[in-house]
Amino acid sequence: MTWMFPLLLACLQNSVPFTMDLPESYGAFQADPQRAGTWSSTRADGLGKVSVGRFDLGVPGAQLDSVLEDIANRQWRPRVKELPESSLDRWSGTMSGLNAGGWEIRYRYNESMMAVTQQVAITGNYLILMDWSGPAAAREGMKPYLESLQLPAEWLPEPTPTVDAARGLSGNLHSPFPGSLSIALDLRSLEEEERIDVLVTYHPAEPEKEPIVSGDLAWRLPGAAVRLPVNPGDGRNDVRYSLNISESHNYGNAYGITRLPGDSFAALDPLWIALPMTLVESEELYAPPPWSLTVYHSAHLRCMTAKPVLTNFQEDTGVMTSAMTQLEAGQAWPFLVMAQYQQRREQEGTWWLRLDAKARTPKEALKARRALVKTAAELWGEVPEFTLASFPYVGDRVLPGLLLLDEQRGWFDKPIDGQLDDAPRLVQLARLIAQQRFGARLRGEGTADQFLERSLAEFATVRMLEDVEWPEAGTMAEELRQSWREREEAAGELPLPLSLIPVDDLYGARRLLSFGPLVWAEIEAKMGREAFDSMLQERTASPTRWSCADLEKDLRQRAPDVDWEPFLRASLYGRDLP
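My numbering numbers the first residue of the sequence shown as 4 and each following residue consecutively.
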């Protein structure tokens, strides 16, 4: 009876999970042998084809606009350039009730005009793709048939909750990293060989009882990394590898590293770090580990990372060693920037500028930063100052103990009241100063972590602008408050309770910066500004985490006469705008 197994397998492969009406000239859907997870139907004369497929993206949080641009750049734009009388137009609509987007392509093939309609939807980890190709004259007639697609229930997203029953504490909580990392980074070959060598040591939280021979621990290395032989002195949980870093990679993006022509180097995203395979394959989401970092580099360069760095110069080798002590768990993944820096001591403060950076009007930005830091201290108490440094092409970064300003964003050569993205540069600077307290120092816990960080930092931005002594700052604050309300009036109902919106949901993240600060404004109004500021001052007195349970406890202790339950249930754990 073994002959029945191939037949059964073929039947399973050809079973179609969706329904769709097609003209009689089209055949039945069949599993596409060239694309797993795809079913296709072809017109009898070969002049038409419909395909429907579902593909696992591997990770959640993919944005439809980004996916469509990627498809256009890789698939359609290069082809349209080569085809005669061709055009590429964006399409938007719905696919089986899901928000969808796509592309419509026209081109001449021999003597006929042909067309392609491609529609894309994203649900969770999955991408759903439907496309039709055929004569351009048949495209309008095919639209009702394409709209008849009905996807199976298992392909559709689960209904979004209207209430957060767990009150900001459910799901996707990051487990403590089970151990720590020590990293040694050798950058001495960076200029000549465009290579960096890395030694990663994993210190388990509970060291294994039985000895492990060096090299026996399985590691997940970065893509294209070359594993190097371990040295005799390496321990049992060490791995050495080499990464080729070319300065022709559009200023970086390889392994999360940005490399500029010459010797400026930044490693700000953890793609360059090897991890034990058991941790990578775990279903748990881990918070950043405790880590220490040692960097070997040329003596004319300065390395900056999370903590004050101890340096040691070896005259016989000409090598500078920069080492930092261990950063506490949960702060950030390992990072560093390295360049030829000059230290600037101004009346407004000390900062570090790359020698190659453009800096025509830096004092204005420094003076504004000093005024905002002073205002924040007056509102919520003193905190340790962050090191300020410049670096291009990496975006502005608020990292533990380090504020990195992107030189390409005009911080050092353009007026502070000029526009930057969606707001004046002064507003953007205030946002960074706010994130140093609410995000880098006081961190959120649970599914409401982004409300406790990003939304609070946005509200704190307005508070600083209202109090800082700076021309037009008060007007900017009022305009920002007004923009929150205008955005919410135009945005419609919140897609999820505020306490459940993840940062990787681009649409939801925008609401964290309008709906979220409006909730904080209502909290301040209910408890009073003095009690509100006192609460934040106590919370930011030392680096810590807090959850919605901690917030509720603070609110009830500091404003016991307020009935907090209906408000929190409606606007924080629900979707009602205050």
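Ideal Cβ placement from N, Cα and C applies to all residues, glycine included.
Other residues of its chain near residue i: CB distance less than 7 angstroms, five sequence neighbours each side excluded
i      : result
Met280 : Ala221, Trp222, Arg223
Gly494 : In the sequence on display, residue 494 carries Ala and not Gly. For Ala494, where only same-chain residues beyond five positions count, the Cβ hits under 7 angstroms are Arg514.
Phe389 : Gly404, Leu405, Leu406, Gln439
Thr1   : What the structure shows of the chain is the stretch from 4 to 581, and residue 1 is not part of that stretch, so it cannot be assessed.
Pro225 : Leu246, Tyr258, Leu274, Trp275, Ala277
Ala270 : Gly259, Ile260, Phe338, Leu339
Glu456 : Phe441, Gly442, Arg446, Gly447
Gly96  : Ala103
Asp189 : Ile199, Asp200, Tyr299
Phe462 : Pro520, Trp523, Ala524
Exposure of residue i, with buried meaning 16 or more beta-carbon neighbours within 10 Å
i      : result
Glu209 : exposed
Ser90  : exposed
Gly519 : buried
Phe316 : exposed
Arg243 : buried
Gln346 : exposed
Gly255 : Since pLDDT at Gly255 reaches only 49, below the 50 mark, its modelled position is unreliable, and no value is offered.
Gln485 : exposed
Ala451 : buried
Asp92  : exposed
Whole-angstrom distance between residue j and residue i, CA atom to CA atom
i      : j      : result
Gly384 : Leu263 : 39 angstroms
Arg400 : Gln153 : 44 angstroms
Glu568 : Glu555 : 9 angstroms
Gly127 : Pro160 : 7 angstroms
Ala309 : Gln78  : 42 angstroms
Gly477 : Ser325 : 43 angstroms
Ser267 : Thr320 : 21 angstroms
Trp135 : Ile108 : 10 angstroms
Leu296 : Arg428 : 34 angstroms
Ala374 : Ala433 : 10 angstroms
Ser249 : Glu410 : 21 angstroms
Leu483 : Pro179 : 37 angstroms
Arg548 : Leu184 : 22 angstroms
Gln350 : Thr378 : 17 angstroms
Asn76  : Trp106 : 12 angstroms
Gly182 : Leu282 : 11 angstroms
Leu172 : Trp94  : 39 angstroms
Ala228 : Pro235 : 21 angstroms
Pro1   : Leu468 : Outside the displayed span of the chain (4 to 581) sits residue 1, for which this structure offers no information.
Gln16  : Ala168 : For Gln16, the predicted structure reports a pLDDT of 39, less than 50, and the residue's modelled location is therefore unreliable. A value from the coordinates is still provided. Cα to Cα, the separation comes out at about 40 angstroms.
Leu231 : Leu313 : 27 angstroms
Asp359 : Ala187 : 27 angstroms
Under 8 angstroms between C-beta atoms of residue i and residue j
i      : j      : result
Lys583 : Val471 : With the chain running from 4 to 581 in the structure shown, residue 583 is simply not present.
Ile260 : Val203 : no
Gln329 : Trp294 : yes
Ala534 : Arg561 : yes
Leu558 : Ser502 : no
Arg357 : Tyr344 : yes
Thr391 : Ala335 : In the sequence under discussion, the amino acid at residue 391 is Leu, which differs from the Thr named in the question. Not a contact, by the Cβ cut-off of 8 angstroms.
Ile419 : Glu367 : yes
Thr41  : Val55  : yes
Arg111 : Glu88  : yes
Ser546 : Thr163 : Looking at the sequence shown, residue 546 is not Ser but Pro. Result no, Cβ atoms of Pro546 and Thr163 do not sit closer than 8 angstroms.
Asp35  : Tyr148 : no
Phe415 : Lys370 : no
Leu304 : Met341 : yes
Gly144 : Lys52  : no
Contact set for residue i: own chain, Cβ-Cβ below 8 angstroms, skip 5 residues either direction
i      : result
Leu521 : Trp487, Arg488, Glu491, Leu580, Pro581
Arg191 : Tyr299, His300, Ser301, Val322
Tyr129 : Arg57, Phe58, Asp59, Leu60, Trp158
Pro214 : Note that Pro214 scores 46 on pLDDT, short of 50, meaning its location in the model is unreliable and no value can be drawn from it.
Val70  : Val123, Ile125, Leu130
Gly413 : Gly421, Leu423, Arg428
Phe8   : Bear in mind that the predicted position of Phe8 carries a pLDDT of just 29, short of 50, making it too unreliable to give a figure here.
Ala47  : Ser28, Tyr29, Gly30
Same chain only: Cβ atoms within 6 angstroms of residue i, ignoring 5 sequence neighbours per side
i      : result
Ala552 : none
Val430 : Met479
His252 : The predicted model places His252 with a pLDDT of 48, which falls under 50 and marks its position as unreliable, so this point remains unresolved.
Val216 : Only weak support exists for where Val216 lies, its pLDDT of 48 falling under 50; the value from the coordinates is given anyway. Once the five neighbours on either side are set aside, Val216 has no close Cβ partner at all.
Cβ distance (whole Å) where residue i is taken to contact residue j below 8 angstroms
i      : j      : result
Val123 : Leu67  : 7 angstroms
His177 : Ala290 : 4 angstroms
Met116 : Ala141 : Going by Cβ atoms, the distance from Met116 to Ala141 rounds to 10 angstroms, so no, they are not a contact pair.
Gly577 : Thr165 : 7 angstroms
Closer than 7 angstroms: residue i CB and nearest the ligand FAD heavy atom
i      : result
Gly236 : Annotation note on the ligand FAD: not contained in the displayed structure, which lists no ligands.
Cutoff 8 angstroms: residue i Cβ touching any chain C Cβ
i     : result
Gly49 : Looking at the structure shown, chain C is missing, and only one protein chain is on hand.
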